[in-house]
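Trainee:
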Amino acid sequence: MEANERKYRQPQRRGSNLLENLFIVILAFYPLRHIGQGIDLWDTGYNYANFQYTGTEHMGSMWMFSTYLANIVGNWLTKLPNADTLRGMNLYTGLFVSALALAGYFFCTRKLKMPRGIVFVGEMAAISLCWCPTALLYNYLTYVLFLSSFILLYLGLTKDIKGFLAAAGVLLGANVLVRFSNLPEMAMIVAVWAYDIIVWLEERKDKRPGSTGSAGHRMESTEGRTGNADSAGKSTKTQKDKREFGRDSVEKQGNSLQNKDGRGESGSRNGKTAAVAGGTGFWKKVLGHTLWCFLGYAGALAVLLNYIHIRYGIDAYFEGIARLFAMTDTAVDYKPSAMILGIVERYVEHLYWVARMGIIILGGMALFAVAGWLEERLRKKKDKGNSRASGRFLHIGTRLLWAAVSVAMIVWLYVRKYCSFLFYSYDPVIRPGTMFLMLAMLIAVIRIFHKDSPREEKLLSGMVVLVILVTSIGSNNGVMPSMNNLFVAAPYTLWESWRFLRNAGDIRLKRGLVISSFPAKGILTAFLALCLFQFGGFGAQFVFAEGTGIQDASAFVGNNAVLKNIKMNPEKAQWMMELSDYANENELQGKEVILYGNIPALSYYLQMPAAFSAWPDLDSYHLEVMEEALAELEGMITEKGAEKPVIILEHNYALYKEESDGETSLFPLSEEGRQKIGDEAKWKLLMEFMDRMGYEQTFQNVKFGLYR
3 MEANERKYRQ PQRRGSNLLE NLFIVILAFY PLRHIGQGID LWDTGYNYAN
53 FQYTGTEHMG SMWMFSTYLA NIVGNWLTKL PNADTLRGMN LYTGLFVSAL
103 ALAGYFFCTR KLKMPRGIVF VGEMAAISLC WCPTALLYNY LTYVLFLSSF
153 ILLYLGLTKD IKGFLAAAGV LLGANVLVRF SNLPEMAMIV AVWAYDIIVW
203 LEERKDKRPG STGSAGHRME STEGRTGNAD SAGKSTKTQK DKREFGRDSV
253 EKQGNSLQNK DGRGESGSRN GKTAAVAGGT GFWKKVLGHT LWCFLGYAGA
303 LAVLLNYIHI RYGIDAYFEG IARLFAMTDT AVDYKPSAMI LGIVERYVEH
353 LYWVARMGII ILGGMALFAV AGWLEERLRK KKDKGNSRAS GRFLHIGTRL
403 LWAAVSVAMI VWLYVRKYCS FLFYSYDPVI RPGTMFLMLA MLIAVIRIFH
453 KDSPREEKLL SGMVVLVILV TSIGSNNGVM PSMNNLFVAA PYTLWESWRF
503 LRNAGDIRLK RGLVISSFPA KGILTAFLAL CLFQFGGFGA QFVFAEGTGI
553 QDASAFVGNN AVLKNIKMNP EKAQWMMELS DYANENELQG KEVILYGNIP
603 ALSYYLQMPA AFSAWPDLDS YHLEVMEEAL AELEGMITEK GAEKPVIILE
653 HNYALYKEES DGETSLFPLS EEGRQKIGDE AKWKLLMEFM DRMGYEQTFQ
703 NVKFGLYR
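Sequential numbering from 3 applies to the sequence shown in my numbering.
#1: On a CA-only basis, which of Gly-17, Ala-492, Phe-296, Glu-634 is nearest Val-192? Give me that one, please.
#2: For Met-689, which of Leu-185, Gln-702, Leu-651 has the nearest alpha-carbon?
#3: Under 8 Å between the Cβ atoms of Ser-499 and Phe-370?
#4: Would you check if the distance between the CB atom of Ala-575 and the CB atom of Ala-557 is smaller than 8 Å?
#5: State yes or no: is the C-beta of Leu-307 within less than 8 Å of the C-beta of Ile-316?
#6: Given this structure, state the Cα-to-Cα distance separating Tyr-354 from Ile-363, to the nearest angstrom.
#7: Give me the DSSP bridge partner(s) of Glu-39.
#8: When we look at the beta-carbon of Phe-544 and count the other beta-carbons within 10 Å, is it buried (16 or more) or exposed?
#9: Based on DSSP bridge pairs, tell me the residues matched to Thr-550.
#10: May I ask you to report which of helix, strand or coil DSSP gives Phe-425?
#11: Buried or exposed for Phe-451, going by 16 or more other Cβ atoms inside 10 Å?
#12: So, are the CB atoms of Trp-44 and Ala-603 less than 8 Å apart?
#13: According to the Cβ coordinates, are Thr-136 and Val-180 closer than 8 Å?
#14: Can you tell me the Cα-Cα spacing of Gly-507 and Val-407, whole angstroms?
#15: So, are the CB atoms of Gly-476 and Arg-348 less than 8 Å apart?
#16: Would you decide whether Ala-217 is buried or exposed? Buried here means 16 or more other CB atoms lie within 10 Å of its CB.
#17: Hey, Ala-300 and Gly-175: beta-carbon distance below 8 Å or not?
#18: Would you call the region 465-473 in contact with the region 411-430, where contact means no fewer than 3 C-beta pairs closer than 8 Å?
#19: Assuming Phe-159 and Val-194 are in contact, meaning their beta carbons sit under 8 Å apart, how far apart are those beta carbons, in whole angstroms?
#20: Return the CA-CA distance between His-352 and Ile-432, expressed in angstroms with no decimal places.
#21: To the nearest angstrom, how far is it from the Cα of Tyr-55 to the Cα of Trp-65?
#22: Starting from Thr-700 and walking both ways along the beta strand (DSSP E), at which residues does that stretch end?
#23: To which residues does DSSP link Ala-324 through a beta bridge?
#24: Mind listing, in chain order, the continuous alpha helix (DSSP H) runs of no fewer than 4 residues lying wholly within the region 150-201?
#25: Does DSSP classify Ile-342 as helix, strand or coil?
#26: In whole angstroms, what separates the C-alpha of Phe-67 from that of Glu-673?
#27: Measure the alpha-carbon distance for Tyr-494 versus Asn-505 and round it to whole angstroms.
#28: For Ala-277 and Arg-206, what's the separation of their Cα atoms in angstroms?
#29: Using the three-state DSSP reduction, which class does Tyr-725 fall into: helix, strand or coil?
#30: Would you say the region 588-601 touches the region 31-41, given that touching needs at least three Cβ pairs under 8 Å?
#31: Determine the closest residue to Leu-708 out of Phe-614, Glu-629, Leu-608, Thr-640, with distance taken between C-alpha atoms.
#32: What's the C-alpha gap between Leu-293 and Asp-335?
#33: Looking at C-alpha atoms only, which residue of Ile-509, Pro-618, Arg-313 is the closest neighbour of Met-61?
#34: So which of Met-440, Trp-285, Gly-298, Thr-473 has the shortest CA-CA distance to Tyr-341?
#35: Quick check for students: name the residue ranges of the beta strand (DSSP E) that lie wholly in the region 640-698, counting only runs of 3 or more.
#36: First and last residue of the alpha helix (DSSP H) that includes Leu-97?
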């Protein structure tokens, strides 16, 4: 029998392994699907320019030091084969998303024991929601270190490995140098304290005289709760199907409770003494765990800041960070209050949809309560022989009706423009994505306070909530950053939903009334189906460009080595071919450039280092800093004979310059456009510099104007 069973299982294992290998290959390569599509005149080329020309000579000190490690890692990438092309850099930065997906997959399947198929779907959803260009390494390197610290923190706490806690602290400390706004990640220490409190409460409960509970027993608790004997079979199935967290470590903890000081399940001889000892041990454990995390965090900061001090001088670092704090004077959306308010407003706004779905579920529960009452009456009548009807048709009909209601809800959402099929834009995922975050946090909070949730699940749930909340802090994009970082939260949400769909039962009250879980199951299934469809379509089509998505990527630029084999909009291709022709003919590669008009990517695409910043018109780049940079540049030109930098303006600014010089244009600016540009203090500063230095226009097309 055993030999036959082994023969039967071997093909199953091989099939399972082949399927998992396929999952791994897809997760590794799917993030690279868009590396040959572009181009973006904003963030992508801007960040690659910062990587290529890393240093305070061509970057503002604020951006240099507030995203220091991201710039250093990016600079390393530029030294790899084919990194001198946009496609090559897209490949290397895209691998960070691959690493995130694979790390999330292996953690969820190997350590959390989630089903592979569910985890794979969750990771694909997480990849698809990565709307942010991979060139923004200060985001993706942040996510890599954050996820790694998440895993180490979880394992360090559940397995009581202090080295893992210190390592998690090191990664979170290093993350401050990846992006200074990662400081709020310190909030992960709350997970440490919360877990220690949970463990202490459980141990305290187990030490009570007569207590029969243990950590190992709690791991086998059922999830579905029903109020009658008919649910016994379902409860058994629930217990069998329940996935466990860290069984080995929990069993060891349970055994240690029995063996410690010779005490068993009956508790200590003196309950009062045990309580005092337990309290002392609790504070010792909390302080110990906190200290290990703090040592790692502080150690990483000390080492990295010492390196910066040796290379640049610590004063330069603090000057850059001081400018970061001062930028809120002009970039008001980066004020802490504005950023937090933006996050809260996004969630509050979506309560409109949550409330309506909740009303639908409550209506369904009322319907099923009445149907359950009628079924019970029909069953009793049949048992007495007074009726042939058993209520079976009512039972099936009610469920078919609710399935139709769930589908109708999806149709209603599309009709109400909850989301669209314009997958080249954000519209398909903004609302579903935000509500998916809300669903993840709701599930996590329920599992935290569920009495039968094992301590490991409570820890995981709390950490998921922290990651979702913390990721968006420090950004002016509302909850969008959290949607970009769901490599544990997405599989977790789908897995918990799957458990609910399989295991949640009905609660039968007195007088035959039933609280049914079926309405919630139907709406949850419909909503998740909508989310996965929208996320998948968005991920397959969306490519970031100038704050929105690319359409009609069908043309190439043949005269620019950096843009080789990059598909783009034909109009953009025409702009870049004309500008690249001029740059090639006049050998502008390597010459310094001043770019103005939200065209910072040209520094990378034309291989021209910025004279002081590739994006001087950005709100976060201070007027005073630009004034100092232009004054220093003017002094170098007039006093030391330095070469004047090339100046490239976006078309509207070039038109304004022409009109200011008294020239006429076939397509003049509108009065509104002229006033808007004329009110820009930094633009006035640049125009005055151009006039003093005698700049003249030598190239113009429908997008750019070039001055030398």
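All C-beta atoms, glycine included, are put in the ideal place defined by N, C-alpha and C.
Mentor: For this structure:
#1: Here residue 192 corresponds to residue number 190 of the sequence shown, with the count starting at 1. The candidate whose alpha carbon is nearest that of Val-192 is Phe-296.
#2: Within the sequence shown, residue 689 is the residue found at index 687, counting from 1. Closest option to Met-689, Cα to Cα, is Leu-651.
#3: Position 497 of the sequence shown, counted from the start, is the residue given in the question as residue 499. Position 368 of the sequence shown, counted from the start, is the residue given in the question as residue 370. No, Cβ-Cβ distance for Ser-499 and Phe-370 is not below 8 Å.
#4: Start at 1 with the first residue of the sequence shown, and residue 575 comes out as number 573. Start at 1 with the first residue of the sequence shown, and residue 557 comes out as number 555. For Ala-575 and Ala-557, yes; Cβs fall inside 8 Å.
#5: Mapped onto the sequence shown, residue 307 falls at position 305. Mapped onto the sequence shown, residue 316 falls at position 314. Result yes, Cβ atoms of Leu-307 and Ile-316 sit closer than 8 Å.
#6: Numbered from 1 along the sequence shown, position 352 holds the residue referred to as residue 354. Numbered from 1 along the sequence shown, position 361 holds the residue referred to as residue 363. If you take the alpha carbons of Tyr-354 and Ile-363, they lie about 15 Å apart.
#7: Position 37 of the sequence shown, counting from 1, holds the residue named residue 39. A small fix is needed here, since residue 39 is Gln in this sequence, not Glu. Partner(s): Lys-569.
#8: In the sequence shown, the residue the question calls residue 544 occupies position 542. By the neighbour-count rule (16 or more Cβ atoms within 10 Å), Phe-544 is buried.
#9: On the sequence shown, residue 550 is found 548 positions in, with the first residue counted as 1. Answer is Ala-547.
#10: If you number the sequence shown from 1, residue 425 lands on position 423. Correct three-state label for Phe-425: coil.
#11: In the sequence shown, the residue the question calls residue 451 occupies position 449. By the neighbour-count rule (16 or more Cβ atoms within 10 Å), Phe-451 is not buried but exposed.
#12: Start at 1 with the first residue of the sequence shown, and residue 44 comes out as number 42. Start at 1 with the first residue of the sequence shown, and residue 603 comes out as number 601. Cβ atoms of Trp-44 and Ala-603: closer than 8 Å.
#13: To locate residue 136, count along the sequence shown from 1; it is residue 134. To locate residue 180, count along the sequence shown from 1; it is residue 178. The answer is no: Cβ separation not under 8 Å.
#14: Indexing the sequence shown from 1 puts residue 507 at position 505. Indexing the sequence shown from 1 puts residue 407 at position 405. Each residue's alpha carbon lies about 20 Å from the other.
#15: Counted from its first residue, the sequence shown places residue 476 at position 474. Counted from its first residue, the sequence shown places residue 348 at position 346. It is not a contact, given that the beta carbons lie outside the stated cut-off.
#16: Numbered from 1 along the sequence shown, position 215 holds the residue referred to as residue 217. Because Ala-217 carries a pLDDT of 42, less than 50, the predicted location of this residue cannot be relied on, and no value is offered for it.
#17: Along the sequence shown, read from residue 1 onward, the residue named residue 300 stands at position 298. Along the sequence shown, read from residue 1 onward, the residue named residue 175 stands at position 173. Contact flag set, yes.
#18: Cβ pair count under 8 Å is below three, so no.
#19: Position 157 of the sequence shown, counted from the first residue, corresponds to residue 159. Position 192 of the sequence shown, counted from the first residue, corresponds to residue 194. It should be noted that the sequence gives Leu, not Phe, for residue 159. Contact holds; Cβ gap of about 7 Å.
#20: Working through the sequence shown from its first residue, we reach residue 352 at position 350. Working through the sequence shown from its first residue, we reach residue 432 at position 430. Taking the straight line joining both Cα atoms gives about 10 Å.
#21: Looking up residue 55 in the sequence shown gives position 53. Looking up residue 65 in the sequence shown gives position 63. Going from the Cα of Tyr-55 to the Cα of Trp-65 covers about 13 Å.
#22: What you label residue 700 is simply residue 698 of the sequence shown in a count that begins at 1. From DSSP, the beta strand (DSSP E) with Thr-700 extends over 699-702.
#23: Your numbering for residue 324 matches position 322 in the sequence shown. Looking at the DSSP assignment, Ala-324 forms no beta bridge with any residue, so it has no partner.
#24: 164-180
#25: By one-based count along the sequence shown, residue 342 stands at place 340. Helix.
#26: For the purposes of this step, residue 67 is taken as the residue at position 65 of the sequence shown. For the purposes of this step, residue 673 is taken as the residue at position 671 of the sequence shown. Those two C-alpha atoms are separated by around 40 Å.
#27: Along the sequence shown, one-based indexing puts residue 494 at 492. Along the sequence shown, one-based indexing puts residue 505 at 503. If I take the Cα positions, the gap works out to 16 Å.
#28: Mapped onto the sequence shown, residue 277 falls at position 275. Mapped onto the sequence shown, residue 206 falls at position 204. For Ala-277, the predicted structure reports a pLDDT of 49, less than 50, and the residue's modelled location is therefore unreliable. A value from the coordinates is still provided. Cα to Cα, Ala-277 sits roughly 7 Å from Arg-206.
#29: Residue coverage of the chain in this structure runs from 3 to 710, which leaves residue 725 outside it and unanswerable.
#30: no
#31: In the sequence shown, residue 708 corresponds to position 706, counting from 1. Selected option, being the one with the closest Cα: Leu-608.
#32: Within the sequence shown, numbered from 1, the residue matching residue 293 stands at position 291. Within the sequence shown, numbered from 1, the residue matching residue 335 stands at position 333. The straight-line gap from Cα to Cα measures roughly 35 Å.
#33: Against the sequence shown, residue 61 aligns to sequence position 59. Distances from the CA of Met-61 to each of Ile-509, Pro-618, Arg-313 were compared; the closest alpha carbon is that of Pro-618.
#34: Position 339 of the sequence shown holds residue 341. It should be pointed out that residue 341 corresponds to Met in this sequence rather than to Tyr. Checking every option, the nearest Cα to that of Met-341 belongs to Thr-473.
#35: 648-652
#36: Here the question's residue 97 lines up with position 95 in the sequence shown. 88-108 is the extent of the alpha helix (DSSP H) around Leu-97.
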